[in-house]
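Start counting the sequence shown at 845; every next residue gets the next number (this note's numbering). Read the structure below first, then the notes.
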Amino acid sequence: MPLKVSEDSESYSDGDEETWQPENWEEEIETLSTTGIPTETTGQNQEEYLHRYYKELQEAHIIKQQRFALELQAERRTNEPLQDELEKLRASYNEISKRYEADNLRSKQQATHLKAELENKVKSH
């Protein structure tokens, strides 16, 4: 269906139905182009905000890492004497355990020897 020009010569229709057309195309183009500006500005603001937020997160992360490293270092210093004590106790335990094993072996040997002596005395009587 052909388009026809209406009386005001700025609006066009397809014949069946009137459609609105801007009277001044240049104003409409300017309006459309300026509506993109807040979006771009908003996008730039959002990008700047996200960049600042990212930097703040990085700084917070670094601070937390440093704090954690200091806490870990303090904990290690606190644990050093405990580790030393643990090593002393292990050494002491190993020494006592070896003495016990040696005493146990001597006792078994002595029991075997006394048993053999007793058997010899019983045989001789």
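Yeah, the Cβ is synthetic: ideal placement off N, Cα and C, and Gly gets one too.
Straight-line measurement puts the Cα of R896 at about 12 angstroms from the Cα of A904.
In the three-state reduction of the DSSP assignment, H969 falls in the coil class, being assigned neither a helical nor a strand state. Counting only the Cα atoms, I940 lies some 49 angstroms from I906. The DSSP assignment places no complete run of the beta strand (DSSP E) inside the stretch 914–940 (cut-off: 3 residues).
R950 and L933 have their C-alpha atoms some 25 angstroms from each other.
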